[in-house]
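Heads up: the sequence lines are chains A and B, in that order.
Every letter in the first sequence is one number past the one before it in the working numbering, and letter 105, counting from 1, is 105.
To convert, take the position in the second sequence, counting from 1, and add 1000; that gives the working numbering.
Glycine included, C-beta positions come from ideal geometry on N, C-alpha and C.
What you are looking at is a predicted structure, and each value in this text was computed from that prediction instead of being measured.
Report on the structure given below.
Number of protein chains: 2
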Amino acid sequence: MSPTYPGEFEQMVLLAILRLEDNAFALSVLRELDKQAGRRVSRGALYKTLERLDEKGLVEWEVEETTPGRGGHPRRRFSVTPTGVRALRTSRDALHRLWHGLEDMLGEPNP
Amino acid sequence: MSPTYPGEFEQMVLLAILRLEDNAFALSVLRELDKQAGRRVSRGALYKTLERLDEKGLVEWEVEETTPGRGGHPRRRFSVTPTGVRALRTSRDALHRLWHGLEDMLGEPNP
DNA sequence: GTATCGATGTCTACATTGCCTGCATCGATG
DNA sequence: CATCGATGCAGGCAATGTAGACATCGATAC
């Protein structure tokens, strides 16, 4: 049972969900990833990732009480589980330690 | 033309090489990853990753002038190419923007 | 001088992630 | 009723992550 770390994209999805708080529906996540990280992927790609994160217990969701006046599938509101938050912290800390001290070569983060 | 971003582990390997400067031989990278990021992988895993980073032009290497008195294969000294540095910066910036503002939930980095 | 060790590198194979296209659902709108 | 819009799901291939076995060749132990 080796740890198995969240991949690069998985991390981004988790972060996007956290930022969206109550508004983390799949398509909003897609927009957030584009807006904040310049990362554009297809819906299918995102859903697959969400499905995997769910299987790993890093995210969970509930269906939204259907807003009167919209059809199709009821949408799901995602949230990051405590396990997910922990995984995120671990990844961040590891990267942070590796980055630390390289500011000269890499420059400061570009906001 | 798809960008294709460095994966989670690939980023760590690139960073480890940068930190080691002139001392970036495969096995030192392995130790650096363990020490700084707590990430332990087999040699095979690392070599595969280095090979892929090389194919993508993110790292390059030269064989070391053989130190008198050590046998086996001559070891390779790796370095990150300018392209590699750029890729690293891009990934960092994207993650940085996503992290920004979430300090309350995630806490400050753990040094 | 032979067996082994130590530090490297390579090859093969498989598991996990990343990512896309295409298809289905179902109110609202024309 | 045809279509659109916002969703979600299935299937499948490509890229990444990871391990384990095997090869090389000085140095050192016996």
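Considering only the alpha carbon of each residue, which of A:Pro74, A:Gly101, A:Glu21, A:Val13 lies closest to aspartate 1104 of chain B?
A:Glu21
By the criterion of Cβ-Cβ separation under 8 Å, what are the contact partners of phenylalanine 62 of chain A in chain B?
Per the sequence shown, the amino acid found at residue 62 of chain A is glutamate instead of phenylalanine. In chain order: nothing, as chain B lies at least about 19 Å away.
Beta carbon proximity, phenylalanine 1009 of chain B to chain A, threshold 9 Å
yes
Any C-beta of chain A sitting closer than 9 Å to the C-beta of glycine 1038 of chain B?
yes
Just checking my contact of glutamine 1011 of chain B with serine 1091 of chain B at CB under 8 Å: how many whole Å lie between their CB atoms?
6 Å
CB-CB under 8 Å to glutamate 1060 of chain B, same chain, minus the five flanking residues each way: which ones, in chain order?
Result list for glutamate 1060 of chain B: Asp1054, Phe1078, Ser1079, Thr1081, in chain order.
According to DSSP, simplified to helix, strand and coil, what is valine 41 of chain A?
coil
Cβ closer than 9 Å: which chain A residues qualify as neighbours of glycine 1101 of chain B?
Arg19
In three-state DSSP terms, what is arginine 112 of chain A?
Nothing can be reported for residue 112 of chain A, as the shown portion of chain A is limited to 1 through 111.
Proline 1074 of chain B, buried or exposed, once every other Cβ within 10 Å from all chains shown has been counted against 16
exposed
Should leucine 1088 of chain B and leucine 1030 of chain B be called a contact, given that it needs their Cβ atoms to be closer than 9 Å?
no
Secondary structure of glutamate 1021 of chain B, DSSP reduced to three states:
helix
For tyrosine 1005 of chain B, return the contacting residues in chain A, with the cut-off set at a CB-CB distance below 7 Å.
For tyrosine 1005 of chain B, the neighbours in chain A by C-beta distance under 7 Å run, in chain order, Glu8.
Which class does arginine 52 of chain A belong to by DSSP, given the choice of helix, strand or coil?
helix
Secondary structure of histidine 100 of chain A, DSSP reduced to three states:
coil
Quick one: list the residues of chain A neighbouring glycine 1084 of chain B, beta-carbon separation under 9 Å, in chain order.
Residues of chain A passing the Cβ test: none, with the nearest at roughly 11 Å.
Tell me which same chain residues have a C-beta within less than 8 Å of the C-beta of tyrosine 47 of chain A, skipping the five on either side of it?
Ala26
May I ask you to list, following chain order, the residues of the region 87-101 of chain A that have a beta carbon less than 9 Å from some beta carbon of chain B?
Leu88, Arg89, Thr90, Ser91, Arg92, Asp93, Ala94, Leu95, His96, Arg97, Leu98, Trp99, His100, Gly101
Spatial neighbours of glycine 1084 of chain B in its chain, beta-carbon cut-off 8 Å, leaving aside the 5 residues before and after:
Leu1014, Leu1053, Gly1057, Leu1058, Val1059
Range of the contiguous beta strand (DSSP E) that encloses glutamate 1060 of chain B
1059-1063
Please list, in chain order, all residues of the same chain as arginine 76 of chain A whose beta carbon is under 8 Å from its beta carbon, the five residues on each side excluded.
Phe25, Ala26, Trp61, Glu62, Val63, Glu64
Taking leucine 1015 of chain B as the query, report the chain A residues whose CB atoms sit under 8 Å from its CB, ordered along the chain.
Leu95, Leu98, Trp99, Leu102
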